Amino acid sequence: MGLRERKKEKTRLAILDAALDLFLEQGYESTTVEQIAGAVEISPRTFFRYFTGKDHLVLLFHDHAEDLMLEALAGRPADEPPFTCLMQAMRAVLADLESSTPEDARRFLKLRRLLDEHPRLVGLSVARGAETERHLAEVIAARRGVDADQDQLTHLIVAFAMSTMRVGFECPRRDGTIGEVGRRMAESIALAERSLRPGWDV
Numbered sequence: 005m006g007l008r009e010r011k012k013e014k015t016r017l018a019i020l021d022a023a024l025d026l027f028l029e030q031g032y033e034s035t036t037v038e039q040i041a042g043a044v045e046i047s048p049r050t051f052f053r054y055f056t057g058k059d060h061l062v063l064l065f066h067d068h069a070e071d072l073m074l075e076a077l078a079g080r081p082a083d084e085p086p087f088t089c090l091m092q093a094m095r096a097v098l099a100d101l102e103s104s105t106p107e108d109a110r111r112f113l114k115l116r117r118l119l120d121e122h123p124r125l126v127g128l129s130v131a132r133g134a135e136t137e138r139h140l141a142e143v144i145a146a147r148r149g150v151d152a153d154q155d156q157l158t159h160l161i162v163a164f165a166m167s168t169m170r171v172g173f174e175c176p177r178r179d180g181t182i183g184e185v186g187r188r189m190a191e192s193i194a195l196a197e198r199s200l201r202p203g204w205d206v
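Residue numbering for the sequence shown is 5 to 206, as defined by the numbering used here.
Below, the structure is given as structure tokens:
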């Protein structure tokens, strides 16, 4: 990463950190883009060079996780069963989570707390998750040689895989640390793999 890219990434993270702190201190709805920009000493116009709005900040983890899964799927063997390669894509997200810096871990946990405290944001999260499922279904359908718009099994495979991630991330909560989230996700992946009957090629 060059100097310009490093400076842009530093600004992006500064905006994210300021926004999360303001959201948790004074509420998501009460926080404005102008306040976030002011906390980082940038203009609102500069804010919009990095993010499309407040909702974009809240959904950053979804964006990142989707990118990781699509990249992992692109690298899986063409003859690997779809559910198997989806589980490997989940493990790519898990590996990224486990390699988080302390700063990234704090950001992730703040985002989880924000969702807990603002039910409206849960709806945004669910909608973004559905969008990811559609993108994954297109990839899985292509691997299976079927039409994503017509093949129900493709969508069931993807929905089951994504449910594995949701269970790992969301419930039940224990110590609330990034390590616990990783353990829960690993347990959820292992349980999902054991739940399929031997011989299934999905």
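In this text, a Cβ means the ideal position worked out from N, Cα and C, and glycines have one as well. As the structure is a computational prediction, the values presented were derived from the model and not from experiment.
Item                                                                                                                                                   : Value
Assuming Leu90 and Ala165 make a contact with CB atoms under 8 Å, what is their CB distance in whole Å?                                                : 4 Å
Can you tell me where the alpha helix (DSSP H) holding Leu115 begins and where it ends?                                                                : Pro106 to Glu121
If you count every other CB in all the chains shown that lies within 10 Å of the CB of Phe52, and 16 or more means buried, which is it?                : exposed
Where do the ends of the alpha helix (DSSP H) carrying Gly42 lie?                                                                                      : Val37 to Val44
Identify which residue in Glu197, Val143, Met189 and Arg198 has its Cα closest to the Cα of Leu77.                                                     : Val143
Could you say if the region 144–163 and the region 81–96 meet the contact criterion of at least three C-beta pairs nearer than 8 Å?                    : yes
Provide the residue span of the alpha helix (DSSP H) that contains Gly172, from first to last.                                                         : Gln156 to Glu174
Under a three-way DSSP split, which group does Ser47 fall into?                                                                                        : coil
Use the C-beta contact count for Leu7: other C-beta atoms within 10 angstroms, 16 or more gives buried, fewer gives exposed.                           : exposed
How many angstroms separate the CA atom of Arg110 from the CA atom of Arg16?                                                                           : 16 Å
For Leu101, report the span of its alpha helix (DSSP H) as first-last.                                                                                 : Pro86 to Glu102
Can you list, in chain order, the residues of its chain whose CB lies under 7 Å from that of Ala22, leaving out five sequence neighbours each side?    : Ile40, Ala43 and Val44
What first and last residue would you give for the alpha helix (DSSP H) that runs through Thr15?                                                       : Leu7 to Gln30
Who are the near neighbours of Leu115 in its chain, counting only those whose CB is closer than 8 Å to its CB and skipping five residues on each side? : Leu24, Val62, Leu64 and Phe65
Just to check my reading of the structure: Phe112 and Ile193 have Cβ atoms closer than 8 Å, yes? What is that Cβ distance to the nearest angstrom?     : Not quite, the Cβ-Cβ distance comes to about 18 Å (not below 8 Å), so this is no contact.
Verify whether the separation of the beta carbon atoms of Leu118 and Gly186 is less than 9 Å.                                                          : no
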